[in-house]
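Just so you know, the sequences run in chain order A and B. The number in the numbering used here is simply the position in the first sequence, starting from 1, with 4 added. The number in the numbering used here is simply the position in the second sequence, starting from 1, with 4 added. We treat Cβ as the ideally placed atom computed from N, Cα and C, and that holds for glycine. Predicted model, so just to flag it, every value in this text is computed and none were measured.
Number of protein chains: 2
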Amino acid sequence: MTTAVRFSGVLAPVVTPFNRDLSANAQRLVEQCRWLLSKKVGLAVFGTNSEANSMSTGEKIELLDALLDAGIESAKLMPGTGCCAITDTVQLTRHAAKLGCGGVLMLPPFYYKNVSDDGLFRSYSEVIERVGDNRLRIYLYHIPPVAQVGLSLELVERLVVRYPDTVVGIKDSSGDWSNTEALIERGWDDFRVFAGSEAFLLQNMRAGGAGCISATANINPAAIHQLYASWQSASADAQQQQLNELRQIMQSFPMIPALKAVIARYSRQAEWSVVRPPLEELAGDAYSKLISVLEKRGFGMPGLTD
Amino acid sequence: MTTAVRFSGVLAPVVTPFNRDLSANAQRLVEQCRWLLSKKVGLAVFGTNSEANSMSTGEKIELLDALLDAGIESAKLMPGTGCCAITDTVQLTRHAAKLGCGGVLMLPPFYYKNVSDDGLFRSYSEVIERVGDNRLRIYLYHIPPVAQVGLSLELVERLVVRYPDTVVGIKDSSGDWSNTEALIERGWDDFRVFAGSEAFLLQNMRAGGAGCISATANINPAAIHQLYASWQSASADAQQQQLNELRQIMQSFPMIPALKAVIARYSRQAEWSVVRPPLEELAGDAYSKLISVLEKRGFGMPGLTD
Chain A
5 MTTAVRFSGV
15 LAPVVTPFNR
25 DLSANAQRLV
35 EQCRWLLSKK
45 VGLAVFGTNS
55 EANSMSTGEK
65 IELLDALLDA
75 GIESAKLMPG
85 TGCCAITDTV
95 QLTRHAAKLG
105 CGGVLMLPPF
115 YYKNVSDDGL
125 FRSYSEVIER
135 VGDNRLRIYL
145 YHIPPVAQVG
155 LSLELVERLV
165 VRYPDTVVGI
175 KDSSGDWSNT
185 EALIERGWDD
195 FRVFAGSEAF
205 LLQNMRAGGA
215 GCISATANIN
225 PAAIHQLYAS
235 WQSASADAQQ
245 QQLNELRQIM
255 QSFPMIPALK
265 AVIARYSRQA
275 EWSVVRPPLE
285 ELAGDAYSKL
295 ISVLEKRGFG
305 MPGLTD
Chain B
5 MTTAVRFSGV
15 LAPVVTPFNR
25 DLSANAQRLV
35 EQCRWLLSKK
45 VGLAVFGTNS
55 EANSMSTGEK
65 IELLDALLDA
75 GIESAKLMPG
85 TGCCAITDTV
95 QLTRHAAKLG
105 CGGVLMLPPF
115 YYKNVSDDGL
125 FRSYSEVIER
135 VGDNRLRIYL
145 YHIPPVAQVG
155 LSLELVERLV
165 VRYPDTVVGI
175 KDSSGDWSNT
185 EALIERGWDD
195 FRVFAGSEAF
205 LLQNMRAGGA
215 GCISATANIN
225 PAAIHQLYAS
235 WQSASADAQQ
245 QQLNELRQIM
255 QSFPMIPALK
265 AVIARYSRQA
275 EWSVVRPPLE
285 ELAGDAYSKL
295 ISVLEKRGFG
305 MPGLTD
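As structure tokens, this is what we get:
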């Protein structure tokens, strides 16, 4: 029996390249994933910043197959598989487990609001039982600002206690450090707590966390990984400061269109800027402002096409 | 060229029957739809109260086919077709239009929050253009308390002006009467404004609205239709009062499990109480309390098995 190594380090919710007709471009995704891997960043494809929830289950399965077919190592993949419908979540999660993905990042069902912990426990539990694959490794995805349905500490505890070999970590995108800290302090055996932004990376490492899964790792992977790798060094605080500066620039624009605009510019592939509705491409003044601010601060990101 | 008659009157977001293994029970849905039609209530299948967002697109297509195969008149059907992913929304909407459904009820994509009106306009517009079927009739679905992504008056106006023969109505589940009233007062040609609850039915009819699409029409269809049909009569206010009383009872429980518990009891089909996670079946004290309150107030609903 193979035992999957649990994730640690920096992962990117890899942005999904679309063609002008809004279809996904698998070849371009493969290239982006290869580039991220070369920067030592793992692949949390189908995250919030991947526009995962703007794609059907069938489209996600096709893209995952394309990545594997292109030789991307399955152990480096942590696809997002949590959908509104349990049938979609089971189908996508089962596929990811069958392919040997290192883990999956699982949103709770997010349409119905004010649901109980019992209902959410049952939701995760049904998925685990139905997938029925001992290779499955779930990283819970707590992102209340977007999903509006969050995962309480008590719920996480119930899941870890009931499924210690399956529920092995969490991405905390609450933006609430006290929650991240509390998750680490519970001290569940080898449980991996990822900050949802590199703004908390150093704090998370010092507290005993596992790393971060962050949007900006799409465009700044090497520097974020560098801090992860050297968080105990004397330069760590200065590195964090540098990361924060880029993060703050990006956060003053709509994140997904801004990430794609940056990649489009520095890869010289204009189609990278395409987003699916309801999002809108960054254009005109906003685009010019983003590029000018980045270049003024010296974030030219030539590394993007290395 | 056939021109679909626009909907008016009372529609139920038909609750979806699941088997104990959580699979959908198409035959039972057919029976429920026939019963609702016999009470003169239209079929807004795949609404919020149908647990539509707990089912995959494939499951919804299968159920829709089963309804048509069983002889349910397509003109009476207003399936919910708005999903997070544009590809799902297009697939389901195209299917509904092809089957000749009287209309579709369309949520905006609801995962990404704080999206712009331009982005939402583009979302509806892309779906309409991609479906490319002049039989398509869209009723917009505004339900900010659940979807968290609402439809502004300005957005609705842009859609109606751009697609006057396609965007023909709205269900307003904001619970904000001033918004419903404002939609009616815009006076778009033959635009159908449905209240999202029968609590606003009389007010809506008096203001020039088209009716209501309401959860409790699943269990109280005849009385709600009666008010719709006789809203100009002397008894209208008293009828509204009666409807409100049942509504208030139901609203003091989680609505979907409570509707299913009532149907299970009065149809003597216990499986009707099954809900998909993250919802939870109404059981124990809550169940007993609901039934006892209903019976004490004389809402025995023998009509359910008529």
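Nearest to B/L250 by alpha-carbon distance, out of B/P149, B/I228, B/A268 and B/S239, is B/I228. With three or more CB-CB distances shorter than 8 Å, the stretch 10 to 23 of chain B counts as touching the stretch 36 to 54 of chain B. Taken in chain order, the stretch 228 to 257 of chain B contains no complete beta strand (DSSP E) segment of 3 residues or longer. For B/F198, the uninterrupted beta strand (DSSP E) segment begins and ends at R196 to A199. Only those residues of the stretch 82 to 108 of chain B whose C-beta falls short of 7 Å from the nearest C-beta of chain A are listed: C88, A89, I90, T91 and D92. When the beta-carbon positions are compared, B/T61 and B/L96 come within less than 8 Å of each other.
Take A/P225, set aside five residues on each side of it, and the residues of its chain with a beta-carbon closer than 6 Å to its own are L40, K43 and V45, in chain order. Burial state of B/G200 is buried, judged by a 10 Å Cβ sphere holding 16 or more other Cβ atoms.
Nearest C-alpha to B/I223 among B/C216, B/M209 and B/M254: B/M254.
Beta-carbon to beta-carbon, A/P261 and A/E284 are separated by about 6 Å, close enough to satisfy the 8 Å threshold. Within chain A, no C-beta atom comes nearer than 7 Å to that of B/F257; the closest sits roughly 13 Å away. Residues of the stretch 230 to 259 of chain B with a C-beta atom less than 9 Å from some C-beta of chain A are P258, listed in chain order. Beta-bridge partners of A/L41 (DSSP): none assigned. For the stretch 49 to 135 of chain B, the full-length beta strand (DSSP E) segments reaching 3 residues or more read 108 to 110 along the chain. Between B/Y115 and the set A/W181, A/P282, A/L159 and A/W192, the nearest pair of CA atoms involves A/P282. Using a Cβ distance threshold of 8 Å, A/P113 and B/S58 count as a contacting pair. Its Cα nearest to that of A/K264, the residue A/L286 stands out among A/L111, A/L286 and A/L72.
Taking a Cβ-Cβ threshold of 9 Å, the residues of chain A close to B/L124 are P281 and P282, in chain order. In this structure, DSSP gives A/Y270 a helical state, which the three-state scheme calls helix.
Cβ proximity to chain B below 9 Å picks out nothing from the stretch 175 to 194 of chain A. Going by DSSP, B/L144 is part of no alpha helix (DSSP H) but of the beta strand (DSSP E) stretching over I142 to H146. Look at B/P21: its C-beta is not under 8 Å from any C-beta on chain A.
Three or more beta-carbon pairs drawn from the stretch 140 to 152 of chain A and the stretch 171 to 180 of chain A are found closer than 8 Å, and the two stretches are therefore classed as touching. Under the 8 Å Cβ criterion, the stretch 61 to 73 of chain A does not count as touching the stretch 202 to 219 of chain A, having fewer than three qualifying pairs.
If you check the CB distance, B/I142 and B/G106 do not come in under 8 Å. Beta bridge pairing from DSSP links A/G173 with A/Y143 and A/R196. In this chain, the alpha helix (DSSP H) harbouring B/A186 covers W181 to E189. One finds C88, A89, I90, T91, P113, Y115 and Y116 in chain B with Cβ atoms closer than 9 Å to the Cβ of A/S58, taken in chain order. Taken through DSSP and simplified to helix, strand or coil, B/V14 comes out as strand. In this model, B/A290 and B/A221 are separated by some 21 Å (Cα to Cα).
With contacts defined by Cβ atoms closer than 8 Å, B/F50 and B/G84 form a contacting pair. What B/S127 touches in chain A, judged by beta-carbon distance under 7 Å, is P281 and P282, going in chain order. With its beta carbon less than 8 Å from one in chain A, B/T61 belongs to the interface.
Taking each of A/S54, A/A101 and A/S256 in turn and checking the Cα distance to A/R280, the smallest one comes out for A/S54.
What A/V160 touches in chain B, judged by beta-carbon distance under 8 Å, is nothing: the nearest beta carbon there is about 15 Å away.
Excluding its 5 nearest sequence neighbours in each direction, A/R162 has C-beta neighbours in its own chain below 6 Å: F125, listed in chain order.
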